[in-house]
Amino acid sequence: MNTKTEIVYVVDDDEAVRDSLTWLLESNGYTVKCQPSAERFLQSLQGEDKETVACLILDVRMPGMSGLELQERLLTEGIPMPIAFITGHGDVSMAVSTMKKGAVDFIEKPFKESELKTLVEKMLSRARVDYAKADSQKNTQNLLSKLTGREKQVLERIVAGRLNKQIADDLNISIK
Numbered sequence: 517m518n519t520k521t522e523i524v525y526v527v528d529d530d531e532a533v534r535d536s537l538t539w540l541l542e543s544n545g546y547t548v549k550c551q552p553s554a555e556r557f558l559q560s561l562q563g564e565d566k567e568t569v570a571c572l573i574l575d576v577r578m579p580g581m582s583g584l585e586l587q588e589r590l591l592t593e594g595i596p597m598p599i600a601f602i603t604g605h606g607d608v609s610m611a612v613s614t615m616k617k618g619a620v621d622f623i624e625k626p627f628k629e630s631e632l633k634t635l636v637e638k639m640l641s642r643a644r645v646d647y648a649k650a651d652s653q654k655n656t657q658n659l660l661s662k663l664t665g666r667e668k669q670v671l672e673r674i675v676a677g678r679l680n681k682q683i684a685d686d687l688n689i690s691i692k
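For the sequence shown, the working numbering assigns the number 517 to the initial residue and increments by one for each residue that follows.
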């Protein structure tokens, strides 16, 4: 069972949209954090646990940094977070662009409660998998850093597909 806090971030310049999404998501058991702009969202992330399982519901058009620009910034800064775009002014080329950059979905306002719940669960599921992969990679790196120089030499040859006898010959050691 996952014990990490899971957060649904909502970034939309329309306060009524933020309020309704917060009410809807919290009434379905999700922890929700809202911001009125992309800039405020980025500032709020500075204080957050980097290992939080999270997803982002993001408006496309906002004053200042747009949702599309925020998506690009998150990619550039290596902040992995499943994103779903919501908009009242979408078009096909915009949807295609966001999806090519990794967005999970692109939905138009207004949307159905069931559609939103399904989308959030899909995004959090992806975030859980991404978190588990990152955690596994971190653990692997930690274990690799504990190997001695000789153990690293042996491991490199194992990974290269060398046989035990060949490794022993290469390193002038006996087979055990």
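In this text, a Cβ means the ideal position worked out from N, Cα and C, and glycines have one as well.
CA-to-CA, the gap between Gly563 and Leu687 works out to about 49 angstroms.
DSSP, read as helix, strand or coil, puts Lys617 in coil.
Remark: C-beta atoms of Ala600 and Leu635 approach each other more closely than 7 angstroms. In terms of Cβ geometry, Gln559 and Val527 do not form a close pair [threshold 7 angstroms].
Distance check between Ile602 and each of Lys617, Leu590, Met578 and Leu591 places Met578 closest, using alpha-carbon atoms only. Rounded to the nearest whole angstrom, the C-alpha separation of Ile523 and Asp530 is 20 angstroms. Per DSSP, reduced to three states, the secondary structure at Leu679 is coil, with no helix or strand assignment. Unbroken alpha helix (DSSP H) stretches of 4 residues or longer found wholly inside the segment 520-567: 531-543 and 554-561, given in chain order.
Remark: C-beta atoms of Val548 and Ala643 do not approach each other more closely than 7 angstroms. Here the alpha carbon of Asp607 sits roughly 17 angstroms from the alpha carbon of Gln587.
Listed in chain order, the non-local C-beta contacts of Ala611 below 7 angstroms within the same chain comprise Phe622, local neighbours out to five positions each way being set aside. Leu590 places its beta carbon 7 angstroms or farther from that of Gly583. According to the DSSP secondary-structure assignment, Ala600 is paired through a beta bridge with Ile573 and Asp621. Sequence-distant Cβ neighbours of Glu555 in its own chain, meaning closer than 7 angstroms and more than five residues away, are Gly580 and Met581.
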